[in-house]
Each structure stands twice: as structure tokens, then as C-alpha cells.
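Novice: Counted from 1, the sequence shown has number 107 at position 124 by the working numbering; the numbering is strictly sequential.
Beta carbons: idealized from backbone N, C-alpha and C, even for Gly.
Mind looking over this structure? Questions follow.
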Amino acid sequence: MLGRLLKSTLRLFPDRQILVRAEGRVSYIRLSRRLQLALVSMCLLAIGGVGYGVVAPVHRAAPPAEQAGAPTGELRAQVDELRRQLAAANTLLMKGANSDALAQNKAAIDDAQARIKALEDARDRAAAEEADLRRQLSQAQDAANSRMQNVAQLNHTLDADRGELRQSDAQRQSLQSRVHQLEAELEGANARTTQAKADLASNERRLQQLAAEHDKTLSERDRLQARLLELQGHAAAPSAATGGAAALAAPGAPQRSTADRPPDQRSENAPQAGNNGEIERVLASTGLDVEKLLGRLISVPQGQGGPYIALDKKHLAPAGARGEELQKILKTLPLASPLTHYTVGSGFGSRTDPFNRHPAFHPGLDLEAPYRSVVYSTGAGTVIFTGVKGEYGKVVEIDHGHGIVTRYAHLHRFMVARGQKVPAHFQVGEVGSTGRSTGPHLHYEVLVNGTAQDPEKFLQAGKNVVQASGN
């Protein structure tokens, strides 16, 4: 009950604002709930005081009941009537006190409330717009921050790109200078190559001339040797002439015709001498010094002596002994083929390197054959090396005497041991591709006193020796 009464009282006395316009200015007077309650209380107290002032004299003027003799009910009726009049007066007083103010300020209050409502609506709209603007401002700030970050990142990327561009420019300038340098070196190399080609062509022409002169010299030497042997075969002519003179000096002695004379032993060796000359010519075609080889074979028997006299043409060994010495040399020289079937892949001398494509010197023959084909010794000799030798891969080397060594490289495996004596056409290994090799093949070399010679000359000489021996 009390709570309801309090709520009803609060609803009767809300906060009120009284608008006052003076000289174009609008102001308001705020009447709070407390102020209104205080004013009403004061009014009630004032009305109560006025009522008490009116009722008290009435009570004092009324005669006692005993004295007036009025009945109690009439007095009570009067009192009630006075009380009603007092209440009515109080009500009228309250209405009269407030009616004027309410009548004067009703229009102003209504106008003020309308304006307040309009202002509140405008305030709400302004607040909503402010909130929207703040939201847009926040979004704009976020977008600006994002753009600033993007701009910072772009600036960083731009700085990095500028650094890379400067570095690229420096590298480009360095590469350009290097290209210019390489172009200059290339021009110099081309000039040197042209000069080298010219020198090579000149040397080849010179070599051809020397080879022609060498062949001419060999043919002249063979002719002279044949002439010398022919002269040696007719060395018995003086003795025959002496016999004829004796026959003439002794008349009656029987004379022997030329047909009756026994054949000269030297004349029987004439064909052999011619064959020896062919063998010597074939051996000389390999580049070997035949006379030096023959000189090494001259042996001194025990129990002989005498003064030293230099060998001269008139002291040359008989044709038969020279042929035997040549046969000894033929038995030791590497004149056979190292493979039964092969194809020459790269010859002796200058060539283009198969790996770096630069001009290079090839000290042997590259003989192409199927993988693991049997490799044979090209002459009798002693194995002096079996093993791996750098870019040659697996290698077998055979010493044939007279300073001649053959080398068999890029083998798959060995079939001989170091120190082993092998005859000609003896299995020494198998074709492989070890070392610096592009495929299965045999690298074959012939070394004379440590200098590489053309193995093709020895192979061709072996073929020619077989033909000469057959003749």
C-alpha cells in the first residue's frame, strides 16, 4: 500500500522545466521532484494554519453544551459542516494558488515540452549522426592506417628494389666489362688460332716435304745398300782374273769356262740381301733407327781382342748375318695388332678433345671394339706395369727392349702380372672404359725412349714385313 502510494506520488510530481523567453533568449527553470514536494508541503502547512486560525475561534465562541443546551448531534453536524467547508476552502485555496500559475505557464510549458521533444529528437539524430560519423571516422582511420602500412611496405619494397637495381646495375657493368675483356681475349685467341693454323699448315707442308725427302733418302739408301751388296757379291772377280792369268801362263793347262765354275756363295745370298733391304725399309718407316738397333745386337765373343777399328762400309756384316739380326729385331718389335677386330676412333696427333672440345695432342690410337674384347700383346716382351694410371684408367705396359714400350689403357681388367714375360699375341686384358673415357675402346700407345710414336706406322710395318717375308 505504502509503495503504491509512493509510486503514485512520484508519478504526480515528475521533474518539470518551465521555459522563460526574455529579449529573444529562452531559458528554463527546473522544478525537481523534491522542490515540488517541498512547495506542496509548504502550501499544505499554510492551508492548515489558515484552517486552524478559522476553526479555533469558532470553537472558542461556541458555548459549552451544558450552557447552550444544544443537542450533541447538532454540534457535531456543525463541526462536520465546518470541516467540509474547511476542506472545500483548502481545495479552493489550492486550486486558486495553482490555477493562475498553471494557466499562465500551460502554453509555455506545452511549447517548451514540444521544443524539448524536438530538441531531444534533434539530439538523438545528432547523436546517431555523431555515432555514424565516429564509425565512419574509425573506418576511415583504419583504412588510413592500412594504407599507411601498405605505403610503408611499398616504400620498403621500393627501397629493396632500388638496392637490387643498383646491385644489378653494378653487376651489369661488371659483366659488360668482363664481356669486353672476353671479346678482346677472344679476338686475341682468334688471331693466335689463325696464326697457329697458318703455322700448322706451314709445318704440315714442311713435314710433307721432309717426308718426301725422307722417302727419297730411304730409297737412295736402299739403292746404295743393294749396290753395295752387289759389289760385295762380285768381290771374287779379282781372284778369278788371277786364275785366268795362271792358266795363260801355263800352256797346256786345262781352262774352265765361266759356266763350269762353281757358283759364288755371295751370289746365292743376293736374293736374301734384297729381301733384307725391303725389311729394313719397312722398319725404317716406323721411325726407328735400324742401324742403331743393329749396332746394339753386335756381340763380342769371349776370347777375342785386338785394336779397335771403327766400322766402315767395307767392314759391314755379311748379308746373312744382317738378315739374322733383322729377324731378331722383328721378333721383339710391336708390329702385331692388339685387337682381332677394331675400328680406329681417333688417330695419332692433333685432334679435338672429346670432353672440352679444345684442340689437343693424342699420343696414341683409340681402337673401338665391343666391351670386354680380348686385348693382345703386339710383340714379345716383359710386363713392367699393371694398375691404374690417372686418366688412362687401368693400364698394362710391356717393355720390348731397344727402348720400346707399348701401353694398353682404359682396360676392363688385367690378365697378366708385373714382371711376366709374354710372347707376341698374348692375352693381356679386356677392353673397358675406365679413366677419362667416353665409351668402351682401347687406347694403344708405342713409346720409343719415352717419346710417343704413331702406332699406325708399326701396324702398317707389321703388314709390310709379312708381305716382304712372303716374297
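Using the rule of at least 16 other Cβ atoms within 10 Å of the residue's Cβ for burial, across every protein chain shown, is Glu308 buried or exposed?
Specialist: The sequence position of residue 308 within the sequence shown is 325, counting from 1. So Glu308 ends up on the buried side.
Novice: In this structure, does DSSP put Asn10 in helix, strand or coil?
Specialist: Taking the first residue of the sequence shown as 1, we reach residue 10 at position 27. The sequence given here places Ser at residue 10; Asn does not occur at that position. In the three-state scheme derived from DSSP, where H, G and I count as helix and E and B as strand, Ser10 is classed as strand.
Novice: Should the region 357 to 375 be called in touch with the region 321 to 339, which here means at least 3 C-beta pairs below 8 Å?
Specialist: A contact between stretches requires three or more CB pairs, one per stretch, nearer than 8 Å, and the region 357 to 375 meets this requirement with the region 321 to 339.
Novice: Here's the rule: buried if 16 or more other CB atoms are within 10 angstroms of the residue's CB, otherwise exposed. What is Val378?
Specialist: If you number the sequence shown from 1, residue 378 lands on position 395. Classification for Val378: buried.
Novice: From the DSSP secondary-structure annotation, give me the bridge partner or partners of Phe474.
Specialist: No information on residue 474 is available, as it lies outside the stretch -16 to 454 that the chain covers here.
Novice: Let's see if you can read the secondary structure: which residues bound the beta strand (DSSP E) around Glu351?
Specialist: To locate residue 351, count along the sequence shown from 1; it is residue 368. Here the beta strand (DSSP E) through Glu351 covers 348 to 351.
Novice: Which residues does DSSP list as the beta-bridge partners of Glu428?
Specialist: Residue numbering aside, residue 428 sits at position 445 when the sequence shown is read from its first letter. BP columns for Glu428 point to Arg390.
Novice: Please return the same chain residues whose Cβ sits closer than 7 Å to the Cβ of Pro337, not counting the five positions on each side in sequence.
Specialist: Working through the sequence shown from its first residue, we reach residue 337 at position 354. Once the five neighbours on either side are set aside, the close Cβ partners of Pro337 are Thr421.
Novice: Look at the Cβ atom of Gly370, then the Cβ atom of Pro438, and state whether they are nearer than 8 Å.
Specialist: Mapped onto the sequence shown, residue 370 falls at position 387. Mapped onto the sequence shown, residue 438 falls at position 455. Contact flag unset, no.
Novice: Measuring straight from C-alpha to C-alpha, what distance separates Val414 and His395?
Specialist: To locate residue 414, count along the sequence shown from 1; it is residue 431. To locate residue 395, count along the sequence shown from 1; it is residue 412. If I take the Cα positions, the gap works out to 5 Å.
Novice: Please determine, among His341, Val265, Gly402, the residue with the shortest C-alpha to C-alpha distance to Phe441.
Specialist: Start at 1 with the first residue of the sequence shown, and residue 441 comes out as number 458. Of the listed residues, the one whose Cα sits closest to Phe441 is Val265.
Novice: Return the residue from the list Leu271, Val366, Asn339, Glu113 that minimises the CA-CA distance to Asn432.
Specialist: On the sequence shown, position 449 is the one that residue 432 refers to. Selected option, being the one with the closest Cα: Leu271.
Novice: Taking only the alpha-carbon atoms, compute the straight-line gap between Asn173 and Gly402 and give it to the nearest angstrom.
Specialist: Position 190 of the sequence shown, counted from the first residue, corresponds to residue 173. Position 419 of the sequence shown, counted from the first residue, corresponds to residue 402. If I take the Cα positions, the gap works out to 50 Å.
Novice: What does the Cβ neighbour count give for Gln436, buried or exposed, with the cut at 16 atoms within 10 Å?
Specialist: Residue numbering aside, residue 436 sits at position 453 when the sequence shown is read from its first letter. Answer is buried; the Cβ neighbour count reaches 16.
Novice: Do Val399 and Val388 have their CB atoms nearer than 8 Å?
Specialist: Locating residue 399 in the sequence shown gives position 416, where the first residue counts as 1. Locating residue 388 in the sequence shown gives position 405, where the first residue counts as 1. No, the Cβ-Cβ distance between Val399 and Val388 is not below 8 Å.
Novice: Just to check my reading of the structure: Arg390 and Glu428 have Cβ atoms closer than 8 Å, yes? What is that Cβ distance to the nearest angstrom?
Specialist: Here residue 390 refers to the residue found at position 407 when the sequence shown is read from its first residue. Here residue 428 refers to the residue found at position 445 when the sequence shown is read from its first residue. So it is a contact: roughly 4 Å between Cβ atoms.
Novice: For Arg476, tell me which candidate among His383, Phe397, Gln150 has the shortest Cα-Cα distance.
Specialist: The structure shown has nothing for residue 476, since the chain only spans -16 to 454.
Novice: DSSP on Ala345, reduced to helix/strand/coil?
Specialist: Taking the sequence shown and counting its residues from 1, the one referred to as residue 345 is at position 362. The question names Ala, but residue 345 in the sequence shown is His. Residue state, collapsed to three classes: strand.
Novice: When you compare only the Cα positions, how much space is there between Asp(-2) and Lys(-10)?
Specialist: Walking along the sequence shown from the start, residue -2 turns up at place 15. Walking along the sequence shown from the start, residue -10 turns up at place 7. Rounded to whole angstroms, Asp(-2) to Lys(-10) spans 14 Å at the Cα level.
Novice: From Arg(-13) to Leu22, what does the alpha carbon distance come to, in whole angstroms?
Specialist: Within the sequence shown, residue -13 is the residue found at index 4, counting from 1. Within the sequence shown, residue 22 is the residue found at index 39, counting from 1. Distance between the alpha carbons of Arg(-13) and Leu22 is about 22 Å.
Novice: Mark Glu374 as exposed unless 16 or more other C-beta atoms lie within 10 angstroms of its C-beta, in which case mark it buried.
Specialist: On the sequence shown, residue 374 is found 391 positions in, with the first residue counted as 1. Exposed is the call here.
Novice: Going by beta carbon distance, what residues of the same chain come within less than 8 Å of Gly328, once the five residues before and after it are set aside?
Specialist: Start at 1 with the first residue of the sequence shown, and residue 328 comes out as number 345. Asp349, Leu350, Glu351, His424.
Novice: Keeping to the same chain, check which residues put their C-beta closer than 6 Å to that of Ala5; ignore five residues upstream and five downstream.
Specialist: Residue numbering aside, residue 5 sits at position 22 when the sequence shown is read from its first letter. There are no such residues.
Novice: Helix, strand or coil for Met131, going by three-state DSSP, please let me know.
Specialist: Sequence index remark: in the sequence shown, residue 131 carries index 148 (1-based). Met131 falls in the helix class under three-state DSSP.
Novice: Grouping DSSP H, G and I as helix and E and B as strand, with all else coil, what is Arg355?
Specialist: Along the sequence shown, one-based indexing puts residue 355 at 372. When secondary structure is reduced to three states using DSSP, Arg355 falls in the coil class, being assigned neither helix nor strand.
Novice: With H, G and I counted as helix, E and B as strand and the rest as coil, what does DSSP make of Ala435?
Specialist: Translated into positions along the sequence shown, residue 435 becomes position 452. If DSSP states are grouped into helix, strand and coil, Ala435 belongs with the strands.
Novice: Considering Cα atoms alone, identify which of Arg419, Ser268, Asp144, Val405 is closest to Gln443.
Specialist: As a working note, residue 443 is residue 460 in the sequence shown. Nearest C-alpha to Gln443: Ser268.
Novice: What does DSSP give as the partner residues of Ser329 in its beta bridges?
Specialist: To locate residue 329, count along the sequence shown from 1; it is residue 346. Answer is Asp349, bridged to Ser329.
Novice: Kindly identify the DSSP beta-bridge partner or partners of Glu170.
Specialist: Residue numbering aside, residue 170 sits at position 187 when the sequence shown is read from its first letter. For Glu170, which the question treats as bridged, DSSP gives no partner whatsoever.
Novice: Could you give the DSSP three-state label for Thr365: helix, strand or coil?
Specialist: Taking the sequence shown and counting its residues from 1, the one referred to as residue 365 is at position 382. Thr365 falls in the strand class under three-state DSSP.
Novice: Could you say which of Asp382, Val448, Leu137, Val405 lies nearest to Leu430 if we only look at CA atoms?
Specialist: Looking up residue 430 in the sequence shown gives position 447. For the residues Asp382, Val448, Leu137, Val405, the minimum Cα distance to Leu430 belongs to Asp382.
Novice: Taking Ile312 as the reference, which of Gly364, Glu166, Thr335 has the closest Cα?
Specialist: Taking the first residue of the sequence shown as 1, we reach residue 312 at position 329. Of the listed residues, the one whose Cα sits closest to Ile312 is Gly364.
Novice: Just to confirm, is the Cβ distance from Gly332 to His345 under 8 Å?
Specialist: Taking the first residue of the sequence shown as 1, we reach residue 332 at position 349. Taking the first residue of the sequence shown as 1, we reach residue 345 at position 362. Result yes, Cβ atoms of Gly332 and His345 sit closer than 8 Å.
Novice: With a threshold of 16 other CB atoms inside 10 Å of the CB of Ile12, please say whether the residue is buried or exposed.
Specialist: Residue 12 sits at position 29 when you count from the first residue of the sequence shown. Answer is exposed; the Cβ neighbour count stays below 16.
Novice: Would Ile367 be called buried (16 or more neighbouring beta carbons within 10 Å of its own) or exposed?
Specialist: As a working mapping, residue 367 is identified with position 384 in the sequence shown. Ile367 should be labelled exposed.
Novice: So, using beta-carbon positions, are His426 and His393 closer together than 8 Å?
Specialist: For the purposes of this step, residue 426 is identified with residue 443 of the sequence shown, where counting begins at 1. For the purposes of this step, residue 393 is identified with residue 410 of the sequence shown, where counting begins at 1. Less than 8 Å separates the beta-carbon of His426 from that of His393.
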